[in-house]
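Each residue of the sequence shown is one higher than the last, beginning at 2 in the numbering used here. Notes for the one structure printed next.
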Amino acid sequence: MVLTHSTSELSGFLAETRAAVDRVIDRWCRRLLVEEDSRVTRAMVYALTSPGKRLRPALAVASHRAVGGSGAAFELAAAVEVIHCYSLVHDDLPCMDDDDLRRGRPTAHRAFDVATATEAGYRMIALAGRVLAEGARALKLDSGRLKEMALELFRAAGGRGMIGGQVLDLEAEGREVGLEEILAIDRAKTGALIAASAVIGAIAGGAGQRKLSAIRAYGEALGLAFQIADDLLDITGTAAELGKAAGKDRDRKKATFATAMSVEEARARARHYAEEAVAHLRRADVDCTLLAPLAQFVVERRS
2 MVLTHSTSEL SGFLAETRAA VDRVIDRWCR RLLVEEDSRV TRAMVYALTS
52 PGKRLRPALA VASHRAVGGS GAAFELAAAV EVIHCYSLVH DDLPCMDDDD
102 LRRGRPTAHR AFDVATATEA GYRMIALAGR VLAEGARALK LDSGRLKEMA
152 LELFRAAGGR GMIGGQVLDL EAEGREVGLE EILAIDRAKT GALIAASAVI
202 GAIAGGAGQR KLSAIRAYGE ALGLAFQIAD DLLDITGTAA ELGKAAGKDR
252 DRKKATFATA MSVEEARARA RHYAEEAVAH LRRADVDCTL LAPLAQFVVE
302 RRS
């Protein structure tokens, strides 16, 4: 199968989702500032309102629609973005990836300080739970489905997901690493939350087990495609395009597909995983109207 999907409908969907999720986040930021107008809260607001693609929320909304979910899932999707924003704040810290630029502006610890940024990240984890619960309430979901979604979200953010992946990533710096180890890093550090985003939307939409399993497999394969594409952009992109420093993976001797093989081979590998992701959906008769173009977007994006 070759990815040749029209992106015209997808562009409108991404713009709609980004605007709706931004409205949800803005509302929560105003609420947070009313509850406690502190330096840490302002750091949270700074990180949450930084201009991003909102890809993970888009996956949640697209999966919700793909399984016939009713109602708007934007509030639910915003919880995923809150977790993603927390991860960026902590990944950028000097003790982690030590980045100065994120989404086109100074990282949170540069705009504030390390202690404030660290505390803001911790508080965003708790905030994600509040946003998720309110999103479930807005869709009139029962407590069983809320529990399932919470488990998906916080498992993806934990020791077997993003946090564990970051540990593996740091441990692999500067040494020879095989492709299987790179896959393990990418599945945990990036793939876990991307898969959880899609699964949360499907759970909220009432997906049966067959479609839910297919969407999970889609998200896992798409997470690998996304990370390889991201690694390639670190080599081929510019800071202006990426909104962050380019070439840092090579400088830090990070273990990535883009450093372990040629650019052409890595690009082919990314497309393979994107195509595999869509194949999982087709085998389970999941509506691919949005999810297939999203897979294509992931490997063709320039930022």
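Here a beta-carbon is modelled for each residue, glycine too, at the ideal position from N, C-alpha and C.
Quiz item: Quick one: what's got a C-beta closer than 7 Å to residue 57's C-beta in the same chain, skipping five residues either side?
Solution: 81, 82, 85, 194, 195, 198
Quiz prompt | Candidates 254, 301, 179, 111, of which the one nearest residue 48 by Cα | solution = 111
Self-check item: Helix, strand or coil at residue 2 according to DSSP, with G and I counted as helix
Solution: Here the model assigns residue 2 a pLDDT of 49, short of 50, so the residue's position is not dependable and the matter cannot be decided.
Quiz item: So what does DSSP say about residue 146, is it helix, strand or coil?
Solution: helix
Quiz item: In angstroms, rounded to a whole number, what distance separates the CA positions of residue 151 and residue 179?
Solution: 33 Å
Quiz item: Can you give the Cα-Cα distance for residue 12 and residue 273, rounded to whole angstroms?
Solution: 23 Å
Quiz item: Closest to residue 191 by CA distance: which of 162, 217, 205 is it?
Solution: 162
Exercise. Measure how close the beta-carbons of residue 25 and residue 212 come, nearest whole angstrom, since I'm counting them as under 8 Å.
Key: Rounded, the Cβ-Cβ distance is 26 Å, inconsistent with contact.
Quiz item: Roughly how many angstroms lie between the CA atoms of residue 207 and residue 74, to the nearest whole one?
Solution: 12 Å
Practice problem: Have a look at residue 261 and residue 298 and give me their C-alpha separation to the nearest angstrom. | Solution: 24 Å
Quiz item: Could you give the residue range of the alpha helix (DSSP H) that holds residue 260?
Solution: 258-261
Exercise. Using a threshold of 7 Å, state whether the C-beta atoms of residue 287 and residue 215 are closer than that.
Key: yes
Quiz item: Just checking, does the stretch 29-39 make contact with the stretch 163-177 on the three C-beta pairs under 8 Å criterion?
Solution: no
Quiz item: Since residue 139 and residue 181 are thought to touch, with beta carbons under 8 Å apart, how far apart are those beta carbons, to the nearest angstrom?
Solution: That belief does not hold up - the Cβ atoms of residue 139 and residue 181 are roughly 42 Å apart, past 8 Å.
Quiz item: Taking the alpha helix (DSSP H) that residue 73 falls in, what are its first and last residues?
Solution: Premise fails: residue 73 is in no alpha helix (DSSP H) and is neither H nor E.
Quiz item: According to the neighbour-count rule (16 or more other Cβ atoms, all chains shown, within 10 Å of its Cβ), is residue 221 buried or exposed?
Solution: buried
Quiz item: Taking Cβ to Cβ, would you say residue 233 is nearer than 7 Å to residue 203?
Solution: no
Quiz prompt | Beta-carbon contacts of residue 153 that lie in its chain and below 6 Å, excluding the five residues immediately before and after | solution = 197, 200, 201
Practice problem: List the residues that DSSP assigns as beta-bridge partners of residue 107. | Solution: 102
Self-check item: Neighbour-count burial assignment, residue 52, 16 or more Cβ in a 10 Å radius
Solution: exposed
Quiz item: Rounded to whole angstroms, how far is the Cβ of residue 90 from the Cβ of residue 129, which I believe are closer than 8 Å?
Solution: That belief does not hold up - the Cβ atoms of residue 90 and residue 129 are roughly 13 Å apart, past 8 Å.
Quiz item: Mapping DSSP to helix, strand and coil, what is residue 10?
Solution: helix
Quiz item: Helix or strand or just coil, what does DSSP make of residue 160?
Solution: coil
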